[in-house]
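> One structure follows; several queries about it will come next.
2 protein chains.
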Amino acid sequence: MTTDPHTGAQSDTGIEPSDEATVDAIAGAASAASVTLAGRDREWRASFLSSLASSLENHGDRLVAIAQSETGLTPARLMGELKRSCFQLNLFAEAVRDGGFLEATIDHATETSLGLQPDVRRLLMPLGPVAVFGSSNFPFAFSVPGGDTASALAAGNPVVVKAHSAHLLTSRAAFEALQEGARQCQAPDGTLGIVFGQPAGTALVSHPAIAAVGFTGSLGAAQHLRAAIDRRARPIPFYGELQSVNPLIISAAALAERSNQIAAGLAASITASGGQLCTKPGIAFLPSGAAADLFADLLAASVSEADPGVLLNERVLAGFQVAESELEAASGVRSIAGRPGSKDGGGFRVNARVLRVRAADLTADHTIEAFGPLVLLVDYDGDEQLVAALSHVPDSLTTTLHIETQDEAWAAALLPKISESCGRVIFNGFPTGVRVSWAQHHGGPWPSTNTLHTSVGVTAMRRFLRPFAWQNTPEPLLPAELRDDYRGIPRRIDGELVLATL
Amino acid sequence: MTTDPHTGAQSDTGIEPSDEATVDAIAGAASAASVTLAGRDREWRASFLSSLASSLENHGDRLVAIAQSETGLTPARLMGELKRSCFQLNLFAEAVRDGGFLEATIDHATETSLGLQPDVRRLLMPLGPVAVFGSSNFPFAFSVPGGDTASALAAGNPVVVKAHSAHLLTSRAAFEALQEGARQCQAPDGTLGIVFGQPAGTALVSHPAIAAVGFTGSLGAAQHLRAAIDRRARPIPFYGELQSVNPLIISAAALAERSNQIAAGLAASITASGGQLCTKPGIAFLPSGAAADLFADLLAASVSEADPGVLLNERVLAGFQVAESELEAASGVRSIAGRPGSKDGGGFRVNARVLRVRAADLTADHTIEAFGPLVLLVDYDGDEQLVAALSHVPDSLTTTLHIETQDEAWAAALLPKISESCGRVIFNGFPTGVRVSWAQHHGGPWPSTNTLHTSVGVTAMRRFLRPFAWQNTPEPLLPAELRDDYRGIPRRIDGELVLATL
Chain R
28 MTTDPHTGAQ
38 SDTGIEPSDE
48 ATVDAIAGAA
58 SAASVTLAGR
68 DREWRASFLS
78 SLASSLENHG
88 DRLVAIAQSE
98 TGLTPARLMG
108 ELKRSCFQLN
118 LFAEAVRDGG
128 FLEATIDHAT
138 ETSLGLQPDV
148 RRLLMPLGPV
158 AVFGSSNFPF
168 AFSVPGGDTA
178 SALAAGNPVV
188 VKAHSAHLLT
198 SRAAFEALQE
208 GARQCQAPDG
218 TLGIVFGQPA
228 GTALVSHPAI
238 AAVGFTGSLG
248 AAQHLRAAID
258 RRARPIPFYG
268 ELQSVNPLII
278 SAAALAERSN
288 QIAAGLAASI
298 TASGGQLCTK
308 PGIAFLPSGA
318 AADLFADLLA
328 ASVSEADPGV
338 LLNERVLAGF
348 QVAESELEAA
358 SGVRSIAGRP
368 GSKDGGGFRV
378 NARVLRVRAA
388 DLTADHTIEA
398 FGPLVLLVDY
408 DGDEQLVAAL
418 SHVPDSLTTT
428 LHIETQDEAW
438 AAALLPKISE
448 SCGRVIFNGF
458 PTGVRVSWAQ
468 HHGGPWPSTN
478 TLHTSVGVTA
488 MRRFLRPFAW
498 QNTPEPLLPA
508 ELRDDYRGIP
518 RRIDGELVLA
528 TL
Chain Y
28 MTTDPHTGAQ
38 SDTGIEPSDE
48 ATVDAIAGAA
58 SAASVTLAGR
68 DREWRASFLS
78 SLASSLENHG
88 DRLVAIAQSE
98 TGLTPARLMG
108 ELKRSCFQLN
118 LFAEAVRDGG
128 FLEATIDHAT
138 ETSLGLQPDV
148 RRLLMPLGPV
158 AVFGSSNFPF
168 AFSVPGGDTA
178 SALAAGNPVV
188 VKAHSAHLLT
198 SRAAFEALQE
208 GARQCQAPDG
218 TLGIVFGQPA
228 GTALVSHPAI
238 AAVGFTGSLG
248 AAQHLRAAID
258 RRARPIPFYG
268 ELQSVNPLII
278 SAAALAERSN
288 QIAAGLAASI
298 TASGGQLCTK
308 PGIAFLPSGA
318 AADLFADLLA
328 ASVSEADPGV
338 LLNERVLAGF
348 QVAESELEAA
358 SGVRSIAGRP
368 GSKDGGGFRV
378 NARVLRVRAA
388 DLTADHTIEA
398 FGPLVLLVDY
408 DGDEQLVAAL
418 SHVPDSLTTT
428 LHIETQDEAW
438 AAALLPKISE
448 SCGRVIFNGF
458 PTGVRVSWAQ
468 HHGGPWPSTN
478 TLHTSVGVTA
488 MRRFLRPFAW
498 QNTPEPLLPA
508 ELRDDYRGIP
518 RRIDGELVLA
528 TL
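This is the structure:
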């Protein structure tokens, strides 16, 4: 079944859940593809990634139309997301050509204070078939053709995706587009696979051929998978991006200087995509006083004017409504924009909400994640109260600071605590709209993720690689990148980093 | 209690098990030290590591004497191991000065096909206090002053060691030597801590201040710790180096060419340190025939002439004897050197053993780890039988190949399977004596380790670091290494790797 979130109307997809034999065949094909892929060079792999991007782009309009009817996201947002998926694949192609991700290292045999030491060479190798569980809220960029898939393929692994139940048709169409791109490069059968249905997902992570799992979704779903993974004879890494409240802090000077601009930006950040972004700022701290009241009015007005949020599916709607009512019932909370309950217009529409509370009243009850268009404003009196209030916020993917130049010492004092409790700090901007680049880190301490790695950006590849060392190995038996005369990638030779000479 | 493995005599150490309040105080001090350490620069950290090495060296003779009476290892081996610990600390100091481990990355704000992108900069940061569980078989290099401690400190973290029950006095003395070196650098209190007793170890990994665990030891002990870690509210990484059989494969040509030399090397590799090395080759494959019989005789003679192995403690002795009798009882196994039971001379002395079986008879019963001086020779008839027999060997830290130049194509065909089932391949040498260097990888697939990381070599630091990203951050608030004008370390800037200019 698929549901149109605009109307709530259901229709049959004709997609059958994958049974255990199907999962076994797909995982087996992925395992066989591993071996073939290991024999392809980096140039092939880069072209392959770009070919996937081209194919997605070619099918863009059709994919966006399918996704729109399944997710309720706007065509503009979906086309942006599809372009992001393509950009991501091409960036990984660039990283594969660069070769730095291999961490090629050569220590020639040498005499040391511990005696004669052998020749040792190290490279990162593909891990093996990767299972990818996409998110509901990003049908492209964190799903079938998303960051986990792109980074696992870039690292040289086959990928088996478990289609998200909220966008089965989109998943299948995106998968077919990727398959077309893969075939154009003569990628081995089994390089890409897809399975449908929750039992198939559990069977997939339990399958001996699967070497790692990438996951973006709820803590509850992650715990279900974790339990299945823990039952395996052979443990595998499980990389989960789970939940995040994303605190935002405004200094007195920033509030005085840029109240309008910050309010407009925050309104856009919490209402975009129905507020269903893992980096949506869910809680904003501002110094109490007349300026805060004015800011709250501006924000409430902006949010009320925003297009109604259409939530992705019934489960997200129910989850949002529970969080919304719990937050509204928490001690000292006032509503300053929106009202609970579904918005007129049918389907899964909800009102965007702004709630407000004083920092002195803040407890863990106020800092639950509401996945949807809602922000809690927190009025603080002085730094001590701010720091105490922040301690109630669960560790997050991001923290955002709005400051003026004169606040730099103030911000510097906050930074150690902030950097301990998130994975990215943003100054004078908004955490939504995660740049896909070399330096990006999209990850954070528990419960925002369960890993020390990123799921966005070039270094996401590291999750799906493992080091291997060759000792005293005859030159012809070494990977090309570890032979003495190779010059195509950066390498560390006898302790010294040496750039590629092309 | 401490026991002299030469005689089995016990004596009181006067060391009390650490109670829960002590563990809490030590973990709390480590947490406080984290903050201070984060404020020290890399130059300080490098000097600190070298100061620890100097202090260990200064106390070398005393440390070796204590360790000898507790472990039964020879003074030469122990002094070598202590030097290795010092070498390791100094290598990490070099890596800290180099700064490449920080993976500093700068993406300036720029216009892309996805619109204007913000400035994002990334660096690896210390993770927080690390708990280290050292091994019984390396009282220095994999214990209090070992690789886990050195790499965690090099990454900028405090370390709390749980002393191994088999060498409490050595642990305490080594800890005191490190403390002396730490004080000479004004390292903050809490940078180094030590706890005693198994309950203290469990309390340590359960403590909220602990951010990661490094472990070298048995699968059983690892499972006990894993259970405690799984009960934490906040999961933390657990890096375990567990067990390994380390297959060694000899080609027909190598056997014809270098029978004597390989037999002598193998005998040394399995008897050194009483065979109690995680990389000891426990199973050796050789082509059946007259040359194999001659090789077996040579090996049996060498092994019988070797000094008696003194095992580390009663538990290791019992474990060895169980494995020895299980292997001897496995179908088709013949004994060709040594006899079961304790060797004359008292204490935990055992006979070195060589067992032999035909590949056709090999099952999983033949491939258990015997931690001590024992090797199982396996006679294979042809490649197909070799490959089938190898599939019964659990994945290991290492695989060793003895080949001649004409065997390179043969070895190339074996390599994909070998590289899948271990972490390091060694040609024409022996896996024991793990080089400490930039390229080393000491790790392998389950059950040899539970991680994708190494516990030996410079990249062991990566286990105790986490990435962090700064977006649109004012220059004064960035770490020095991420400022535009910094030039002291290699960095990736806008996708291009740039070397340090000193």
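Protein chains in written order, with my numbering: chain R, 28 to 529; chain Y, 28 to 529.
The beta carbon of each residue, even a glycine, is placed where N, CA and C say it ideally should be.
#1: If we ignore side chains and look at the alpha-carbon of each, how far apart do residue 227 of chain R and residue 64 of chain Y end up?
#2: If we define contact as Cβ-Cβ less than 8 Å, is residue 448 of chain Y a contact residue for chain R?
#3: What does the alpha-carbon distance come out to for the pair residue 248 of chain R and residue 161 of chain Y?
#4: Could you check the C-alpha separation between residue 177 of chain Y and residue 32 of chain R for me, to the nearest Å?
#5: Taking 7 Å as the cut-off, is the CB of residue 430 of chain R close to at least one heavy atom of the ligand GDP?
#6: Could you pull the DSSP bridge partners for residue 493 of chain R from this structure?
#7: In or out: residue 142 of chain Y buried (at least 16 other Cβ within 10 Å) or exposed?
#8: Is any beta-carbon of chain R found at less than 8 Å from that of residue 75 of chain Y?
#9: Less than 6 Å between C-beta atoms, sequence neighbours within five positions excluded: which residues of the same chain meet that for residue 167 of chain R?
#10: Could you check the C-alpha separation between residue 104 of chain R and residue 92 of chain R for me, to the nearest Å?
#11: Tell me whether the beta-carbon of residue 383 of chain R lies closer than 8 Å to the beta-carbon of residue 361 of chain R.
#12: Would residue 286 of chain R and residue 321 of chain R be called neighbours here (beta carbons separated by less than 8 Å)?
#13: How big is the Cα-Cα spacing for residue 307 of chain Y and residue 171 of chain Y?
#14: Helix, strand or coil for residue 189 of chain R? Go by DSSP, reduced to three states.
#15: If you scan the segment 289–337 of chain Y from start to end, which runs of the alpha helix (DSSP H) of 4 or more residues do you find wholly inside it?
#16: Output, in sequence order along the chain, the residues in the segment 420–444 of chain Y whose CB is closer than 7 Å to any CB in chain R.
#17: Would you mind sorting residue 477 of chain R into buried or exposed? The rule is 16 or more other CB atoms within 10 Å of its CB.
#18: Figure out for me which residue from R:340, R:165, R:289 has the closest Cα to the Cα of residue 268 of chain R.
#19: With a cut-off of 8 Å, do at least 3 Cβ pairs link the segment 485–500 of chain Y to the segment 433–453 of chain R?
#20: Tell me the DSSP secondary structure of residue 479 of chain R in three-state form.
#21: Taking Cβ to Cβ, would you say residue 312 of chain R is nearer than 8 Å to residue 289 of chain R?
#22: Give the DSSP-derived three-state secondary structure of residue 349 of chain R in the structure shown.
#23: For the segment 406–449 of chain R, list the beta strand (DSSP E) runs that are entirely contained and at least 3 residues long, ordered along the chain.
#24: Between residue 110 of chain Y and chain R, is any beta-carbon pair separated by less than 8 Å?
#25: Work out the CA separation of residue 150 of chain R and residue 391 of chain R for me, nearest whole Å.
#26: My assumption, with CB atoms under 8 Å, is that residue 199 of chain R sits in contact with residue 190 of chain R. Please give the rounded CB distance.
#27: Closest by CA to residue 518 of chain Y, which one among R:466, R:225, R:256, R:41?
#28: Could you please tell me which residues of the segment 376–398 of chain Y, in chain order, have their CB closer than 8 Å to any CB of chain R?
#29: So with Cβ pairs under 8 Å, would you call residue 121 of chain Y a contact of chain R?
#30: So, helix, strand or coil for residue 503 of chain Y, using DSSP?
#31: Compile a chain-ordered list of the residues in the segment 40–70 of chain R whose CB is closer than 7 Å to at least one CB of chain Y.
#32: Just verifying my parser: in three-state terms, what is the DSSP assignment at residue 396 of chain R?
#33: Roughly how many whole angstroms lie between the Cα atoms of residue 475 of chain Y and residue 334 of chain Y?
#34: Would you tell me roughly how many angstroms separate the C-alpha atoms of residue 355 of chain R and residue 101 of chain R, rounded to the nearest one?
#35: Examine chain Y for any beta-carbon lying closer than 8 Å to the beta-carbon of residue 106 of chain R, and answer yes or no.
#36: Rank Y:262, Y:394, Y:48 by C-alpha distance to the C-alpha of residue 309 of chain Y and give the top, closest one.
This is what the structure gives:
#1: Your numbering for residue 227 of chain R matches position 200 in the first sequence. Your numbering for residue 64 of chain Y matches position 37 in the second sequence. If I take the Cα positions, the gap works out to 47 Å.
#2: Taking the first residue of the second sequence as position 1, residue 448 of chain Y is located at position 421. No - not a single Cβ of chain R is within 8 Å of the one on residue 448 of chain Y.
#3: By 1-based counting over the first sequence, the position of residue 248 of chain R is 221. By 1-based counting over the second sequence, the position of residue 161 of chain Y is 134. As the crow flies, the alpha-carbon of residue 248 of chain R is around 36 Å from that of residue 161 of chain Y.
#4: Residue mapping note: residue 177 of chain Y aligns to position 150 of the second sequence, counting from 1. Residue mapping note: residue 32 of chain R aligns to position 5 of the first sequence, counting from 1. In this structure, the CA atom of residue 177 of chain Y is about 55 Å from the CA atom of residue 32 of chain R.
#5: Here there are no bound small molecules, and the ligand GDP is not part of this structure.
#6: For this step, residue 493 of chain R is matched to residue 466 along the first sequence. According to DSSP, residue 493 of chain R bridges with R:152.
#7: In the second sequence, residue 142 of chain Y corresponds to position 115, counting from 1. When all chains shown are included, residue 142 of chain Y counts as exposed.
#8: On the second sequence, residue 75 of chain Y is found 48 positions in, with the first residue counted as 1. Under the Cβ criterion of 8 Å, residue 75 of chain Y is not counted among the residues facing chain R.
#9: Here residue 167 of chain R refers to the residue found at position 140 of the first sequence. The beta carbon of residue 167 of chain R sits closer than 6 Å to the beta carbons of 108, 109, 112 from its chain, once the five residues preceding and following it are set aside; these are given in chain order.
#10: Reading the first sequence from its first residue, position 77 is the one you call residue 104 of chain R. Reading the first sequence from its first residue, position 65 is the one you call residue 92 of chain R. Near 12 Å, if we compare the C-alpha coordinates of residue 92 of chain R and residue 104 of chain R.
#11: Locating residue 383 of chain R in the first sequence gives position 356, where the first residue counts as 1. Locating residue 361 of chain R in the first sequence gives position 334, where the first residue counts as 1. Yes, Cβ-Cβ distance for residue 383 of chain R and residue 361 of chain R is below 8 Å.
#12: Stepping through the first sequence from its first residue, residue 286 of chain R is reached at position 259. Stepping through the first sequence from its first residue, residue 321 of chain R is reached at position 294. Yes, Cβ-Cβ distance for residue 286 of chain R and residue 321 of chain R is below 8 Å.
#13: Residue 307 of chain Y sits at position 280 when you count from the first residue of the second sequence. Residue 171 of chain Y sits at position 144 when you count from the first residue of the second sequence. One C-alpha to the other measures close to 22 Å.
#14: Against the first sequence, residue 189 of chain R aligns to sequence position 162. The three-state secondary structure of residue 189 of chain R, taken from DSSP, is strand.
#15: Listed in chain order, the complete alpha helix (DSSP H) runs (minimum 4 residues) inside the segment 289–337 of chain Y are 317–332.
#16: Near chain R, meaning a CB-to-CB distance below 7 Å, the residues of the segment 420–444 of chain Y are 435, 438, 439, 442, 443.
#17: Position 450 of the first sequence, counted from the first residue, corresponds to residue 477 of chain R. It is buried - the Cβ of residue 477 of chain R has at least 16 other Cβ atoms within 10 Å.
#18: Position 241 of the first sequence, counting from 1, holds the residue named residue 268 of chain R. Comparing Cα positions, the closest option is R:165.
#19: The segment 433–453 of chain R and the segment 485–500 of chain Y touch, with three or more beta-carbon pairs separated by less than 8 Å.
#20: Sequence index remark: in the first sequence, residue 479 of chain R carries index 452 (1-based). Look at residue 479 of chain R here: in three-state DSSP terms it is coil, with no helix or strand label.
#21: Taking the first sequence and counting its residues from 1, the one referred to as residue 312 of chain R is at position 285. Taking the first sequence and counting its residues from 1, the one referred to as residue 289 of chain R is at position 262. Not closer than 8 Å, so no.
#22: Walking along the first sequence from the start, residue 349 of chain R turns up at place 322. Shown here, residue 349 of chain R sits in a helix according to DSSP, grouped into three states.
#23: Runs found: 425–429.
#24: In the second sequence, counting from the first residue as 1, residue 110 of chain Y sits at position 83. With a threshold of 8 Å between beta carbons, residue 110 of chain Y makes contact with chain R.
#25: As a working note, residue 391 of chain R is residue 364 in the first sequence. As a working note, residue 150 of chain R is residue 123 in the first sequence. Answer to the nearest angstrom: the Cα atoms are 45 Å apart.
#26: For the purposes of this step, residue 199 of chain R is taken as the residue at position 172 of the first sequence. For the purposes of this step, residue 190 of chain R is taken as the residue at position 163 of the first sequence. About 7 Å separates the two Cβ atoms, so the contact holds.
#27: As a first step, residue 518 of chain Y is located in the second sequence; it is residue number 491 there, counting from the start. Closest by alpha carbon: R:466.
#28: Of all residues in the segment 376–398 of chain Y, none comes within less than 8 Å of chain R when Cβ atoms are compared.
#29: Residue mapping note: residue 121 of chain Y aligns to position 94 of the second sequence, counting from 1. Residue-level contact check: residue 121 of chain Y touches chain R, since one or more beta carbons of chain R fall below 8 Å from its beta carbon.
#30: What you label residue 503 of chain Y is simply residue 476 of the second sequence in a count that begins at 1. Helix at residue 503 of chain Y.
#31: Answer set for the segment 40–70 of chain R: 62, 65.
#32: Reading the first sequence from its first residue, position 369 is the one you call residue 396 of chain R. Coil.
#33: Here residue 475 of chain Y is taken as the residue at index 448 of the second sequence, counted from 1. Here residue 334 of chain Y is taken as the residue at index 307 of the second sequence, counted from 1. Taken atom to atom, the span from the alpha-carbon of residue 475 of chain Y to that of residue 334 of chain Y is near 28 Å.
#34: Within the first sequence, residue 355 of chain R is the residue found at index 328, counting from 1. Within the first sequence, residue 101 of chain R is the residue found at index 74, counting from 1. Between residue 355 of chain R and residue 101 of chain R, the C-alpha separation is close to 29 Å.
#35: By 1-based counting over the first sequence, the position of residue 106 of chain R is 79. Judged by the 8 Å Cβ criterion, residue 106 of chain R is not in contact with chain Y.
#36: Numbered from 1 along the second sequence, position 282 holds the residue referred to as residue 309 of chain Y. Closest by alpha carbon: Y:394.
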